[in-house]
Amino acid sequence: FFNCLEGTHYSNSRQCLKSINKWDRLPYFVRPTKYRITLQPFIHYHNEADFYFRGSVTIECVSEKPIKRVMFHAGKNINFKQSKLKITNSNSRPITIRSVLYISSRKWLLITLEETLQANEPFTVHLRRFSSKFEKKKNGFYFFHYTINKIKRYGANVLHSPFYAKNVFPCFDDPQFESEIQLNIIHKEQFVSQSIMDIKETKELEDGWLVSMYEWTPAMQVYQFTFSINKFSYITDYSKRGHLIKLWAPEEKLKLCKFSLKTVRKSLDFYEEYFNSTYAFDKLDVVTTSKMPPYETGSSTYGLLIIMDSILFIEEDKVLPRYKQIYVNTIHHEIAHQWIGNVLRMEWFDALWMIEGLVGFMEQKIRTHVTQYNHKLATALTQTLTGLFADDQVSNHRMAIYPYSAKHVEKFFDDLIFTKGFSLFKMIDGVVGEHNFQYAMQQIVKDETIGPLSANDLWHHIDRVLKHKDLKISIDFLMRHWQSKRGFPVINTKVISRRSIEITQYGNQPDNREFTWPVPITYLVKNGEEKTDFRSVIWLKERSKLIEMEKVISDDDWFLLNPDQIGFYRVNYELSNWILLIHQLRSNHNAIPPIARLQILDDIIEFYSKGQILGAQTIFDVISYLENETEYTIWKYSKTIFDLLKSFFDMRPSYKYFKAFMNKMIGKLLYQIDWMKSDYRTLTIHAPLYLYGSILCNGVRFGDKSNWFNVLKFLHNPKASFDQKLVIVKSLSCTEDPEIIETYWNMMLTNSTKYKNLYSTLLGSLAKNVHARSTFVNRICSEKVNITKNPFEFAATISAISAFDLPNDCPALNQLMAIRMKRSTGDNFRN
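Note that the sequence shown covers residues 1 to 831 in UniProt numbering.
Okay, here's the thing in structure tokens:
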């Protein structure tokens, strides 16, 4: 880079660029210190095709080395005339520009000067005017619309993360640089704007335009900078430490935002207490939007959150608890970024997994705090088991990847980043102790000398803070191993004597089988011996190790490794220990922690599918304990096991025996529900609502026709809540009997008024049923689709019908599109 920008080695700019090869990062020795940005969006026209924005930018810079070329980023849609571009030295004297070259593939602007800028001499880049269309993909500056009282209204958001600031204004779009930023927004007088800082002053301009001039930000990475322009009003609240919270939305929708505002306040209070660190700004703006980039529901930068309206608009007493939890999790996630991602921030995207993994881990902390319920079991299913599955695929990758370009970042921004990242922070928390981990985070967040973090910096800081805590392992050593290797270890056990067990580790894939990791070993023994506390962790750093027990292990004593899921690994026992564990599950499953029961089920299925456990009888034995299981998360996962077993017996004469086994196995749970009573009006459900959906589904799926008709009685119970009816509709859809499927469809169609609010749930459930999907493609296309007036139901119906993969000539598709086009101009904000 220096040879290129210094100017003597390469007289030609294109030759200079060829020398840099594929490297997309900007040189570290030329850095911006201040930005002054003015932007003026034109979103008040009647035709969206005419929408655009224009602006100007001044960038104060300094170079540690003498240079004759200046390089920074500019989006491909940024248009300007070279006459509007100027560079001045520290004395404000213009430097003559020899040439300007734009490299569209890298979005680089390379400016060659007639004279050399001296080392450590400040200089300033001035672009007095540029313009651009809004981003159609919502990466950068984009507009959105909504409809109130049949009037279409517009707003615009700026979302820079992770590398889209260049699409809004020319800048050094690289997280290694931190600069102060002063923003001026020119907008029509009927609009308002929100940004990171408070508005310092507003001035009136000509023709109904105003300019809102914001305070200077602290030094920050440019991709964290954001703002919004809209016609919203707001409601307010205050955190415990006195921070003003404003939630912005269309005035007509503010009544739906009270629950979300309360959630923001609780979240802010929790993180301030957990980190023992006051939120950095006096205010926090939360702005709703109807559009965001694909797969995103929220964005968090200093002082400003932009979140989808589908998350913020909640009628607390009408939303199902499971959906409410999804909405709340999104808010918790974005608030966490005010500390993790903003205060603890990354120097480059090799640390992206670290930021997102830590934020995901903090979500579990706040869920447990707010709900007063331990969410370890739920997160074991959604994060740890999902992470093990993702890391067991051929397409997996190591966490420590140094992306050299924007496209490279996108390629590795996948589920593994979140799920394995979460699990590795759970491991750190487990091996240092919960209070020690919190103490370390508190000290690191408070340390103002810590700048942007590389992938290994955080581990150094944790070791530094906890150096007096007498830890058995360096976190830096631990994480360098785990983040640099694909996959995870599988631990094999072998009983050597009544007091010793040999443990051996191998990689989970053929290409990493010879790898070794530092593995935290904890265990639980039937005889009462327990080593699960962080102070008693045994470290397996080599291939094999002998564990010496404190008590004698008898022939009837099972042992269990990783009972609290501190480590990210699987365990395969000798058959004798598997049999003892299964016997314990069947006799008294509560002797084994719920999270360990879930892992036992998952490990057995995994090892059986790979031929590492002999005999399907092992699986039948272990699932038979489920007749006594009452944990919803475990029952939810059991569907995976049932699907695997069913695939073994499908289309075989022995299928009827498998079905009989399943019906008998879940019989005890089925009869927790008094569905054999003749009068449906007196039917009661003794099982918890969160559990009986799984019970009913499996009863319908593996039982006979009488089971289905008995469950149907619940649907007609006038005392059944809407939540209960939704579960029943989904359970009825679990049937695999073609005649019953046909009966179910006809019943819902002929009573469309009675069941209208359940219609999309029926369609969505049947779409997931492979036995119903093929049957209903023709039926859906031949029947009139029942579209309700409820906008939530309408959107869900489109989603459900889409799942059937209908042919292009299906009338239902045309009907849906016609209704959508009609409603898009109607009084319906949520369309």
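Even for Gly, the Cβ is constructed at its ideal location relative to N, Cα and C.
Is the beta carbon of Leu644 closer than 8 Å to that of Phe658?
no
Would you be able to state if there are at least three C-beta pairs under 8 Å between the segment 191-200 and the segment 209-226?
yes
Start-to-end residues for the beta strand (DSSP E) that takes in Gln194
Val192 to Ser195
Where does the unbroken beta strand (DSSP E) through Asn707 begin, and where does it stop?
Here Asn707 belongs to no beta strand (DSSP E); instead the alpha helix (DSSP H) covers Lys705 to Leu715.
Going by the C-beta, is Ser647 closer than 7 Å to any heavy atom of the ligand GDP?
The model on display carries no ligand, and the ligand GDP is accordingly not part of it.
Based on DSSP bridge pairs, tell me the residues matched to Thr124.
Glu60 and Thr88
Touch check for the segment 145-158 and the segment 219-232: three-plus C-beta pairs under 8 Å?
yes
Kindly provide the ranges of any beta strand (DSSP E) runs that are 3 or more residues long and lie completely inside the segment 97-148, ordered along the chain.
97-103, 108-117, 123-132 and 140-148
Give me the Cα-Cα distance between Ala455 and His461, rounded to the nearest whole angstrom.
12 Å
Leaving out five residues before and five after Asn663 in sequence, what residues of the same chain have Cβ atoms less than 7 Å from its Cβ?
Phe702 and Gly703
Cβ-Cβ separation, Leu85 to Thr96 (assumed contact under 8 Å), whole Å
The Cβ separation is near 12 Å, so there is no contact.
Should the segment 462-476 be called in touch with the segment 553-563, which here means at least 3 C-beta pairs below 8 Å?
no
With 16 as the cutoff for other CB atoms within 10 Å, does Pro718 come out buried or exposed?
exposed
Label Lys240 either buried or exposed according to how many other C-beta atoms from any shown protein chain fall within 10 Å of its C-beta, with 16 as the threshold for buried.
exposed
For a test of the three-state rule: what should DSSP assign to Gly155, helix, strand or coil?
strand
Identified DSSP bridge partners for Ile521
Ile538
Cα-Cα separation between Tyr45 and Thr289, rounded to whole angstroms:
20 Å
Cutting at 7 Å between CB atoms, please list the residues of its own chain near Met427, excluding the five before and the five after it.
Pro520, Ile566, Gly567 and Phe568
Going straight from the alpha carbon of Lys551 to that of Pro293, what length do you get?
58 Å
Who are residue 849's beta bridge partners in DSSP?
The structure shown does not extend to residue 849, since the chain is modelled only from 1 through 831, so no value can be given for it.
Can you give me the start and stop residues for the alpha helix (DSSP H) that Ala390 sits inside?
Thr386 to Ala390
Sort out for me which residues DSSP pairs Asn590 with in a bridge.
Paired residue(s): none; Asn590 is not in a bridge.
In angstroms with no decimal places, state the Cα-to-Cα distance between Ile473 and Lys68.
49 Å
From Gln221, Ser277, Lys283 and Glu204, residue whose alpha carbon lies closest to that of Thr236
Lys283
Starting from the Cα of Asp309, find the closest Cα among Phe259, Leu344 and Ala49 and give me that residue.
Phe259
Apply the 10 Å Cβ neighbour rule to Gln393 and answer buried if 16 or more other Cβ atoms are within range, or exposed otherwise.
exposed
Where Tyr625 and Asn588 are concerned, what is the direct C-alpha to C-alpha distance, given to the nearest angstrom?
9 Å
What's the call for Thr278, buried or exposed, on a 16-neighbour Cβ count within 10 Å?
exposed
Going by alpha carbons, who is nearest to Glu64 out of Gly430, Asn120 and Leu110?
Asn120
6 Å Cβ shell around Asp415 - same chain, five flanking residues per side excluded
Ala390
Could you have a look at Ile787 and say whether DSSP puts it in helix, strand or coil?
Here Ile787 scores only 49 on pLDDT, less than 50, and its place in the model should not be relied on; the value that follows carries that caveat. Three-state DSSP puts Ile787 in coil, outside helix and strand.
Classify Phe477 as buried or exposed, calling it buried when 16 or more other Cβ atoms lie within 10 Å of its own Cβ.
exposed
Looking at Lys545 and Ile503, is the spacing between their C-beta atoms short of 8 Å?
yes
Taking Arg480 as part of the alpha helix (DSSP H), name the residues at either end of that continuous run.
Ile475 to Ser484
DSSP puts Tyr237 in a beta bridge; with which residues?
For the record, residue 237 in the displayed sequence is Asp; it is not Tyr. Per DSSP, Ile245.
If we ignore side chains and look at the alpha-carbon of each, how far apart do Leu352 and Ile103 end up?
27 Å
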